[in-house]
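Residue 6 in UniProt numbering sits at position 6 of the sequence shown, and the numbers go up by one each step. Idealized CB from N, CA, C, for every residue including glycine. In this text the structure is predicted, and so the values were computed from the model without any measurement.
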Amino acid sequence: MLKLADLLASNEATAALAALLAKAPVNARSQAVKDQALGQVLRVLMHVRGANGIESCIAALPEPLLDPLMKYIYRGFEVIQDNHAHLLTWHEKAVAKGQIGCVVRALTDRKRV
Numbered sequence: 001m002l003k004l005a006d007l008l009a010s011n012e013a014t015a016a017l018a019a020l021l022a023k024a025p026v027n028a029r030s031q032a033v034k035d036q037a038l039g040q041v042l043r044v045l046m047h048v049r050g051a052n053g054i055e056s057c058i059a060a061l062p063e064p065l066l067d068p069l070m071k072y073i074y075r076g077f078e079v080i081q082d083n084h085a086h087l088l089t090w091h092e093k094a095v096a097k098g099q100i101g102c103v104v105r106a107l108t109d110r111k112r113v
């Protein structure tokens, strides 16, 4: 598999995001592992620019990956000091596709990212 930097350099952010979300370490006991995964996902989220880019990226994601995406978005709100507007755009587009269900599942699931 290609490295994250290679995928981002070749404008394959959707593929990178899908791969990271599919392997979200929700069962990991180590917080360091979860923090590393969060850093990688946030790197991809911040790489995608513009509402149209975000919308097309989310449109290409399968429905089951919207729940971990929403978990990472909420976790991003906790750790990022600035650029919340960018995460809010991701949140808006994810809710548009996954409806309120992905929000409820992300907030009520005990397995954290």
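Residue range of the unbroken alpha helix (DSSP H) whose run includes E78: L66 to V79
Distance CB(I54)-CB(K23) smaller than 9 Å: no
Any chain D beta carbon closer than 9 Å to E63: Going by chain labels, chain D is absent from the structure shown, which holds only one protein chain.
Residues of its chain near A16, where Cβ-Cβ distance is below 7 Å and the 5 sequence neighbours each way are ignored: L4, L7, L8 and V44
Through-space distance from Y74 to L66, alpha-carbon basis: 12 Å
Of the listed residues T14, K111, G39 and A13, nearest to P68 (C-alpha basis): K111
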